[in-house]
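Notes for the one structure printed next.
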Amino acid sequence: MPTEVFKGNYLKVVLKRYNEKYYEAVDAPDAAAIVSVYDGKIILVDQYRPVLNRRTIELPAGLIEDGEEPEKAVIRELEEEAGYLAKNVFHLLTYYHAPGYSTGRTYLFYSNHLIKTKQSEREKIEVLTVSQEEVLNLIKEGKIEDPNALIGLNMFLAGFMKAL
290 MPTEVFKGNY LKVVLKRYNE KYYEAVDAPD AAAIVSVYDG KIILVDQYRP VLNRRTIELP
350 AGLIEDGEEP EKAVIRELEE EAGYLAKNVF HLLTYYHAPG YSTGRTYLFY SNHLIKTKQS
410 EREKIEVLTV SQEEVLNLIK EGKIEDPNAL IGLNMFLAGF MKAL
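The numbering used here applies: residue 290 is where the sequence shown begins, and numbers increase by one.
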């Protein structure tokens, strides 16, 4: 049975025992992210991350609320963060954020059937619409460091979504 060490707003740190040793683990919530394409351009978001004390370029993404289906969460997050409503979403894969120390998973989705709506006024996010070539350059130049974006965008650039 894990021992709780710290509990914050989103994360909980616990001690887990395995093979006579104790390991610190972050009990993190699951998240959903989406590779989305509108009018041939990929939707990215540029937002300030207080933990890093700087802006990052990412896929639209966010935490999955208690009892919420990952598909509903990613549709909600895309509209809140970027101002696009996904009419269809395809689940690509699910993976752990950091399996060496965290329980949190990311559900990665794809959509190419979007309707332009309105970005949430609460969000302080710049929406970027970029070509495949621009995405490749952003990755090569090290301007995209978010693992969700790197996984999803590389899948897209490799042609994985063409089968969907």
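We put the CB at the ideal spot given by N, CA and C, even for glycine.
Taking its Cβ as the centre, do 16 or more other Cβ atoms sit within 10 Å of residue 353, making it buried, or is it exposed? So residue 353 counts as buried.
Taking only three categories from DSSP, how would you classify residue 338? strand
Going by DSSP in three states, residue 441 sits in which element: helix, strand or coil? helix
Return the residue from the list 436, 388, 437 and 381 that minimises the CA-CA distance to residue 453. 381
Minimum C-alpha distance to residue 351 - residue among 423, 447, 317 and 443: 317
Rounded distance between the beta-carbons of residue 442 and residue 424, thought under 8 Å: 5 Å
Can you round the beta-carbon distance between residue 300 and residue 292 to whole angstroms, since I take them to be within the 8 Å contact cut? That pair is no contact at about 15 Å.
Nearest residue (CA-CA) to residue 440, options 393, 391, 347 and 341: 347
Between the alpha carbons of residue 435 and residue 345, how many angstroms are there, rounded? 8 Å
Does the distance from the C-beta atom of residue 400 to that of residue 362 stay below 9 Å? no
Cutoff 7 Å; reference residue 366; Cβ partners in own chain excluding five residues on either side: 321, 349, 350 and 351
Is residue 364 helix, strand or coil when you go by DSSP? Here residue 364 sits in helix by DSSP.
Where DSSP assigns a beta bridge to residue 351, which residues make up the other side? DSSP output for residue 351 lists 321 as bridge partner(s).
Write down the C-beta distance between residue 313 and residue 326 rounded to the nearest angstrom, noting that I regard them as a contact closer than 8 Å. Residue 326 and residue 313 do not touch by the CB rule: their CB atoms are close to 39 Å apart, not below 8 Å.
Rounded C-alpha distance that separates residue 359 from residue 422: 29 Å
DSSP-derived helix/strand/coil call for residue 405: strand
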